[in-house]
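Asker: Mind looking over this structure? Questions follow.
There are 2 protein chains.
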Amino acid sequence: MTPTRTTATDKPRRATLQDVASEAGVSFSAVSKVIRGASGVSPQMRERVTAAIEKLGYRPHAGARAMRGKSYTIGVMIVEMSSPFQPEVVQGITDALEGTPYQEVLIAGGLSPARQKRSIEALMDRQVDGLILVAPWMEAEWLEELGAKIPTVVVARHGTAINFDTVVDDEYQGARLMVDHLVSLGHERIVHTSMPSGGLEPFVLSHTARRYGYEQAMTRHGLVPEIVETTYSEIGGYDAAVQALSGNDRPTAIFAGADIAALGVLRAAEEHGLQVPEDLTVAGYDNIYVSAIGRISLTTVDQSGQLTGANSTRLLLERIEGRTQPAHYVIAPQLVPRHTSAAPVHVGQPGSVSVQH
Amino acid sequence: MTPTRTTATDKPRRATLQDVASEAGVSFSAVSKVIRGASGVSPQMRERVTAAIEKLGYRPHAGARAMRGKSYTIGVMIVEMSSPFQPEVVQGITDALEGTPYQEVLIAGGLSPARQKRSIEALMDRQVDGLILVAPWMEAEWLEELGAKIPTVVVARHGTAINFDTVVDDEYQGARLMVDHLVSLGHERIVHTSMPSGGLEPFVLSHTARRYGYEQAMTRHGLVPEIVETTYSEIGGYDAAVQALSGNDRPTAIFAGADIAALGVLRAAEEHGLQVPEDLTVAGYDNIYVSAIGRISLTTVDQSGQLTGANSTRLLLERIEGRTQPAHYVIAPQLVPRHTSAAPVHVGQPGSVSVQH
DNA sequence: GTTCTTACGGACAACGTTGCACGCACTGTG
DNA sequence: CACAGTGCGTGCAACGTTGTCCGTAAGAAC
C-alpha cells in the first residue's frame with residue numbers, strides 16, 4: 057500500500073515535477089533542468105521528459121517558483137479602465153510580453169492614492185518580478201522607495217527619477233502643437249481647460265504638463281494664457297465652457313485638456329447657440345474612440361498608448377535583467393486635425409452669434 | 057558567527073513569520089496562529105505579535121500561502137477593457153471584495169478563444185482560488201471542464217451550466233423592452249443590427265440573446281423581424297444602417313444591438329440627410345458613457361455592470377466556501393429613453409425625407 | 001495530594017520548485 | 001594502465017507558509 061496522493065473523491069490533481077519524473081523514469085531534478093534549459097542534459101532525456109510534460113499537461117506552479125526567486129509575473133497597475141488611454145497601454149504591454157516567459161496581471165487602483173498604494177502592495181504580496189504603474193497619483197518619494205525594492209516603470213508622470221524608469225508622452229510638446237495649430241488658423245483668444253495640479257510637482261501628471269505646454273506656447277506667440285480649472289469629465293468641460301463663454305468678450309477657441317472634457321464644451325456651445333467650428337473652435341487631447349466618429353470629429357492630439365506600453369515593457373525587462381541606472385523614455389505626440397477647428401469669424405461680424413430654435 | 061540572511065549589498069529583505077517571531081520573542085508557529093486567528097493564543101501574546109507585525113510591516117507571502125492551500129487571489133478575465141460594460145463589472149467585483157481577505161487580479165484575454173484560454177491557464181498557474189470570466193468566447197464544454205477544476209463564475213453567457221455559476225443580464229427581456237417602447241411610439245418597421253452568433257448555442261453570448269429577444273417581441277406584436285448582420289462597432293453600425301436605408305421602403309426605426317453600433321447608425325442617418333428622431337428613430341443597447349452626453353442622447357437599455365460584478369463575486373465566494381450546486385443569477389435590464397426615439401412621421405407625408413445643405 | 005481537564009505555546013512535516021554539490025561512467029592523455 | 005577531465009544524472013537543502021501533533025503548566029475536581 058503505497059500512499060496515494062489523490063482519493064476517489066478528489067478532483068484530478070495538477071501534475072508536478074515529480075509526476076513528470078515518474079512518467080519519464082528520471083529524477084525530478086532532471087525534469088527541472090530540462091524546464092529551466094540548464095546544461096547537463098542529454099538529447100534523449102530531453103526528449104523523454106518533453107514527451108512526459110506534454111502527456112501530463114504539466115505546467116509550473118508559479119507560487120512554488122516565486123518561493124525560489126522569480127514568479128515570471130509582471131504587475132500592472134492602472135488607475136481606471138474607463139480611461140481610453142490606459143487600456144491601450146495595457147495592450148502594448150501584452151503584445152510586448154508575448155513570447156517571453158512573463159505574464160502580466162492587472163489591478164485597477166482606483167481614484168485615490170491610498171487605494172492605489174494598497175493595490176501595489178497587493179501586487180508585491182503576490183511576488184511580481186516587476187511593476188508598471190500607469191499614471192499613479194502618489195508622491196514621488198513613495199515611488200522612489202518602491203523602486204528601491206522592486207524593478208519599476210512609471211508611465212505618464214513627467215520628471216526624472218532615480219530608482220525607477222519613466223515613459224511619458226511629451227505632453228508639453230503636444231499642447232504646443234495644438235496651440236500652434238490654433239494660432240496658425242488665426243485664433244488669438246484661446247482658453248484652456250485644466251484641472252488642479254494635485255501638488256505633485258515637479259513630478260507632474262499629464263494635465264499639468266499639458267497646461268504648462270499651453271502656457272509656454274501662448275506666451276511664445278505673445279498671447280495671454282487663460283485657464284479655467286474644472287475636472288476632466290464631460291460635466292467639467294461643460295462647466296468650463298459655460299464659464300469661458302459667459303462674458304461679452306468671448307474666446308474664439310477652447311482647447312480642452314482632454315477629449316472627454318471637449319465633449320462637454322461641444323454641448324455647452326450647442327446650448328449657447330454657437331456653431332462649431334464657425335462660431336467656436338473646439339479642440340481636445342487624447343484622441344479617444346468617440347472623437348474619431350463622424351458626429352463628433354474632434355480636433356485633438358494623439359499619443360500612442362501602444363508604443364507607451366511596448367517601451368515600458370522593454371525598460372522593465374531590462375531592469376529585471378539587472379540594469380540599475382534609471383532610464384527615461386519620451387514619446388512624441390501627434391496633432392490630429394478634424395472638423396471642430398477652423399479659422400475664426402471676424403469679431404463683431406454679424407451672424408457670428410446665431411441662436412437656434 | 058550566526059549566518060546572516062542579508063548582506064551589506066542586499067536590498068532590505070521582506071519580513072517573514074520568522075522575523076516577526078524573533079521580534080516578539082515567540083515561535084513562528086505562534087505568529088502563524090495569530091495571523092490565522094486560530095485558537096490557543098493568549099491575549100498577551102496576540103498583542104505582542106500584533107505589535108511586532110506592525111513594527112516590521114510584515115505581509116504574508118502569497119506564493120508560500122498558495123503552496124499550502126489558498127492564495128487569496130481571485131482571477132478575473134475580461135475580453136477587452138475598451139468595452140464600457142466590462143470595466144464596470146470589474147468595479148463591482150473590486151467593491152464586493154473590499155473587506156474580504158481576497159484580492160482580484162485581472163487579465164485581458166483578447167479577441168480570440170485561443171488567447172483567452174491561455175490567459176485563463178496563466179491565472180490557474182498563479183493558483184487563484186477562483187475565476188470570474190466576463191463574456192468568454194470558448195465552447196461551453198471547455199468551461200465545464202474548467203469548472204470541475206476550480207470555482208468558476210461566468211458572466212454574460214446565457215444558458216445553464218453544471219460545473220460553474222452564471223450571472224447574466226436578461227437580454228431577451230432588454231430587447232423586448234426596447235421593441236415594446238418603439239412599438240408603443242407607433243413604429244412598425246424596426247430593423248435590428250446584430251452580429252454573427254459565433255455558433256456557441258445554446259450557451260449564447262449577449263448579442264445572440266438580444267437578437268432572439270428582438271425576434272420574439274416583434275413576432276408577438278405581429279411584426280416582421282428584419283435583421284442586418286455586421287459587427288458591434290461604429291463602422292459596423294454605419295454599414296448596417298446604409299444597407300437598411302438603401303431601398304425605397306425605409307424602416308422608421310433602427311434598433312442597434314449595441315450603443316457603439318448605434319453611433320454609426322447616427323452617422324449614416326446624418327449622411328442620408330435624415331433628422332433623428334424626426335425622420336428616423338435610433339436606439340442602442342448598453343448605455344455606454346457617451347450615450348448619455350448631450351450631443352448624442354441615445355435611447356438605450358442599461359444593464360448594471362456594478363450589480364453583475366457584485367453578484368458574481370458573491371456566487372464565487374460561496375463556491376470557494378464549498379457550494380457545489382450550480383447557481384444562475386439573472387439581472388433585470390432597464391429601458392433608458394432619451395432623445396433619439398420618437399413617434400414616426402406618417403409614411404408618405406411630405407417632409408419625411410429632408411436633405412440638408 | 002492526586003488525577004483529569006483545559007489552555008497555551010512550540011516542533012515539525014509538508015507544499016513544488018531551483019540550483020548547487022556530488023558521483024559515476026566514459027573519454028583522451030601521459 | 002593509471003589518472004585527470006568532462007558530460008550527464010541524482011540528491012538535497014532551502015524558500016515561507018499552514019495546520020496537526022505534542023508537551024507542559026495551571027486550574028478544577030475529588
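Read top to bottom, the protein sequences are chains A and B. Quick note: the first sequence, position 115, residue 171 per the working numbering, numbers continuous. Quick note: the second sequence, position 244, residue 300 per the working numbering, numbers continuous. Quick reminder that beta carbons are idealized off the backbone N, C-alpha and C, glycines included.
Using 8 Å as the limit for Cβ to Cβ distance, is A64/B near chain A?
Answerer: For A64/B, the predicted structure reports a pLDDT of 39, less than 50, and the residue's modelled location is therefore unreliable. A value from the coordinates is still provided. A64/B does not count as touching chain A.
Asker: Would D423/A count as contacting chain B if we go by Cβ distances under 8 Å?
Answerer: Residue numbering for chain A in the displayed model covers 57 to 413; residue 423/A lies beyond these limits and cannot be assessed.
Asker: Can you find a CB in chain B that lies within less than 8 Å of the CB of P116/A?
Answerer: By this cut-off, P116/A is an interface position.
Asker: Can you give me the start and stop residues for the alpha helix (DSSP H) that V346/A sits inside?
Answerer: Its alpha helix (DSSP H) spans residues 345-348.
Asker: Apart from the five residues just before and just after V260/A, which ones in its own chain have a Cβ nearer than 6 Å to its Cβ?
Answerer: Answer for V260/A: H214, listed in chain order.
Asker: So, with DSSP's three-state summary, where would you put F259/A?
Answerer: DSSP places F259/A in coil when its eight states are reduced to three.
Asker: Report the residue from E154/A, R182/A, G148/A, T156/A whose alpha carbon sits nearest the alpha carbon of I163/A.
Answerer: Considering only alpha carbons, the answer is R182/A.
Asker: With a threshold of 8 Å between beta carbons, is P192/B in contact with chain A?
Answerer: Answer no: the Cβ-Cβ gap between P192/B and chain A never drops below 8 Å.
Asker: Starting from F220/A and walking both ways along the alpha helix (DSSP H), at which residues does that stretch end?
Answerer: F220/A -> no alpha helix (DSSP H), and no H or E assigned at all.
Asker: Since Y128/B and P157/B should fall inside the 8 Å C-beta cutoff, what is the C-beta to C-beta distance between them, to a whole number of angstroms?
Answerer: About 5 Å separates the two Cβ atoms, so the contact holds.
Asker: Suppose contacts are defined by Cβ-Cβ distances below 8 Å. Is Q229/A in contact with P389/A by that definition?
Answerer: Yes, the Cβ-Cβ distance between Q229/A and P389/A is below 8 Å.
Asker: Does the region 216-225 of chain A come into contact with the region 238-256 of chain A, if we say contact requires no fewer than three beta-carbon pairs (one atom in each stretch) closer than 8 Å?
Answerer: Short answer: they don't touch.
Asker: What are the partner residues of R213/A, as DSSP defines its beta bridges?
Answerer: DSSP output for R213/A lists L261/A as bridge partner(s).
Asker: Along chain A, which residues have their Cβ under 9 Å away from the Cβ of L322/B?
Answerer: Within chain A, the residues near L322/B are I349, G350, R351.
Asker: Please identify the residue among E290/A, H395/A, G254/A whose C-alpha is closest to the C-alpha of V338/A.
Answerer: Nearest C-alpha to V338/A: H395/A.
Asker: In the DSSP assignment, the alpha helix (DSSP H) including L391/B goes from what residue to what residue?
Answerer: Here L391/B belongs to no alpha helix (DSSP H); instead the beta strand (DSSP E) covers 390-392.
Asker: So with Cβ pairs under 8 Å, would you call Q159/A a contact of chain B?
Answerer: Yes, contact with chain B.
Asker: Mind checking Q381/A: buried by the 16 CB within 10 Å criterion, or exposed?
Answerer: Flag for Q381/A reads exposed.
Asker: Assuming Q183/A is part of the beta strand (DSSP E), what are its boundary residues?
Answerer: Per DSSP, Q183/A belongs to no beta strand (DSSP E) and is neither H nor E.
Asker: In whole angstroms, what is the alpha-carbon distance linking D295/B and E136/A?
Answerer: The straight-line gap from Cα to Cα measures roughly 32 Å.
Asker: Any Cβ of chain A within less than 8 Å of the Cβ of Q412/B?
Answerer: Any reading at Q412/B needs caution, since the residue's pLDDT is 40, under 50, leaving its predicted position unreliable; the model's value is listed next. So no, Q412/B is outside the interface.
Asker: Within the chosen definition, does the region 138-155 of chain A reach the region 335-355 of chain A through at least 3 CB pairs nearer than 8 Å?
Answerer: The region 138-155 of chain A is in contact with the region 335-355 of chain A.
Asker: Could you have a look at E244/A and say whether DSSP puts it in helix, strand or coil?
Answerer: Coil, per DSSP.
Asker: Hey, is the region 116-123 of chain B in contact with the region 86-95 of chain A, meaning 3+ C-beta pairs nearer than 8 Å?
Answerer: Because the criterion of three Cβ pairs below 8 Å is not met, the region 116-123 of chain B and the region 86-95 of chain A do not touch.
Asker: Between which two residues does the alpha helix (DSSP H) containing M101/B stretch?
Answerer: Unbroken alpha helix (DSSP H) run through M101/B: 99-112.
Asker: Since K126/A and D185/A should fall inside the 8 Å C-beta cutoff, what is the C-beta to C-beta distance between them, to a whole number of angstroms?
Answerer: With a Cβ gap of about 5 Å, K126/A and D185/A count as contacting.
Asker: Quick check on the DSSP output: the alpha helix (DSSP H) that includes A123/B runs from which residue to which?
Answerer: For the record, residue 123/B in the displayed sequence is Met; it is not Ala. 118-123 is the extent of the alpha helix (DSSP H) around M123/B.
Asker: Which residues in chain B sit within 8 Å of L162/A, going by Cβ to Cβ distance?
Answerer: Chain B residues near L162/A: V161, L162, I163, A164.
Asker: Whole angstroms are fine: how far does the CA of G254/B sit from the CA of L199/B?
Answerer: Each residue's alpha carbon lies about 16 Å from the other.
Asker: Who are the Cβ neighbours of L112/B in its own chain at under 7 Å, not counting the five residues just before and after it?
Answerer: For L112/B, where only same-chain residues beyond five positions count, the Cβ hits under 7 Å are A71, D75, V76, E79.
Asker: Once the 5 residues before and after D236/B are set aside, which same chain residues still bring their CB inside 7 Å of it?
Answerer: A273.
Asker: With a cut-off of 8 Å, does the C-beta of G254/A fall near any C-beta of chain B?
Answerer: No, G254/A does not count as interfacial toward chain B.
Asker: Whole angstroms is fine: what's the gap from A383/B's alpha carbon to A191/B's?
Answerer: The straight-line gap from Cα to Cα measures roughly 17 Å.
Asker: Going by C-alpha distance, which of S262/A, A265/A, L322/A, E271/A is nearest E290/A?
Answerer: It is L322/A whose Cα lies nearest to the Cα of E290/A.
Asker: Specify, as a first and last residue, the run of the alpha helix (DSSP H) that A309/B falls within.
Answerer: Taken as a continuous stretch (DSSP letters only), A309/B belongs to no alpha helix (DSSP H), being part of the beta strand (DSSP E) at 309-312.
Asker: Mind listing, in chain order, the continuous beta strand (DSSP E) runs of no fewer than 3 residues lying wholly within the region 356-381 of chain B?
Answerer: Listed in chain order, the complete beta strand (DSSP E) runs (minimum 3 residues) inside the region 356-381 of chain B are 356-358.
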